[in-house]
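Down below is the structure, laid out as structure tokens.
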Amino acid sequence: MSTQPRTGDRMTLEEFAALPEDDDVRIELVEGVIVMPPAAPTEGHQTMVMELAFLLRQRCPATLKVLPGPLGVRVPTRNSALEPDVVVLPAANQQDANRLPLLVVEVALPSTRGRDRVDKRRIYAARGIPSYWLLDPLVPDLRVLELGDSGEYVEIAYVVGDETLDLLHPFAVRVCPGELS
């Protein structure tokens, strides 16, 4: 993953949004710095994204919507625009680009693991997103974090391989990391 430092102040979300769009280049703004994820995610990464999105869509109530990324999530710091791998959003007001996700999921790549576990965790918590899941296709494992009273994420569950986990938020679903890879 490469970053493009900016001279002077960090880039604002408005400056980032004004950049010309290029469908061939995927970029994120992380705390004012442009970050370019690897050009080609691994097969294991994409398999896990699609399998999880399919599993969640099967269990998702009609009031919610499951979307695989990229889907930009705005944060109140005004200097981050992230693209989670899977998002669960309220289905109402679909034209509202600022809908608060109930869940964001990042599937780690070796080059993104640190950013997913530290930077994105902090940014999603600051946005007030209630649930954040971290999946790693190499293990495979799942870490489930929920927003605590302090405004920071608390890890509430960890499962690996063929272990299963019954979750209630944002809706009831049973997840087994080994079945997603």
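One rule links them: number in the numbering used here = place in the sequence shown (from 1) + 58.
Here a beta-carbon is modelled for each residue, glycine too, at the ideal position from N, C-alpha and C.
| Alpha carbon to alpha carbon, how far is Leu114 from Leu193? | Each residue's Cα considered, the two are about 14 Å apart.
| query | What are the boundary residues of the alpha helix (DSSP H) that Ile181 is part of? | reply | Counting along the chain, the alpha helix (DSSP H) containing Ile181 begins and ends at 179-185.
| request: In the DSSP assignment, find the unbroken alpha helix (DSSP H) run with Leu113 in it and report its ends. | output: Leu113 -> alpha helix (DSSP H) spans 101-117.
| Does the pairing of the segment 115-122 with the segment 162-175 give three or more beta-carbon distances under 8 Å? | Between the segment 115-122 and the segment 162-175 there are fewer than three C-beta pairs closer than 8 Å, too few to call the two in contact.
| task | Give me the Cβ distance between Ile214 and Val233, rounded to the nearest whole Å; I'm assuming they're in contact under 8 Å. | result | Their Cβ separation, rounded to whole angstroms, is 13 Å, which puts Ile214 and Val233 out of contact at 8 Å.
| field | Residues near Thr105 in its chain [Cβ-Cβ closer than 8 Å; skip 5 each side] | value | Cβ within range, chain order: Pro195, Leu238, Ser239.
| With 16 as the cutoff for other CB atoms within 10 Å, does Asp143 come out buried or exposed? | Asp143 comes out buried.
| query | Heavy atom of the ligand GDP less than 7 Å from the Cβ of Ala149, yes or no? | reply | Absence of the ligand GDP is noted for the structure shown, with no ligands found whatsoever.
| Do you know how far the Cα of Ile85 is from the Cα of Ala75? | For Ala75 and Ile85, the distance between alpha carbons rounds to 11 Å.
| message | Quick check on DSSP: helix, strand or coil for Pro148? | response | Secondary structure at Pro148: strand, using DSSP grouped into helix, strand and coil.
| said: Strictly under 8 Å for the Cβ-Cβ distance: is Ile181 near chain C by that measure? | reply: Given the protein chain composition of this structure (a single chain), no chain C is represented.
| request: Out of Val146, Arg117, Val165, Leu158, state which residue places its alpha-carbon closest to the alpha-carbon of Glu101. | output: Nearest of Val146, Arg117, Val165, Leu158 to Glu101, Cα basis: Val165.
| Which term fits Val197, buried or exposed, when burial requires 16 or more other beta carbons within 10 angstroms of its beta carbon? | It is exposed - the Cβ of Val197 has fewer than 16 other Cβ atoms within 10 Å.
| Endpoints, alpha helix (DSSP H) assigned at Ala75 | Boundaries of the alpha helix (DSSP H) around Ala75: 71-75.
| Which two residues bound the contiguous beta strand (DSSP E) that contains Arg157? | Arg157 -> no beta strand (DSSP E), and no H or E assigned at all.
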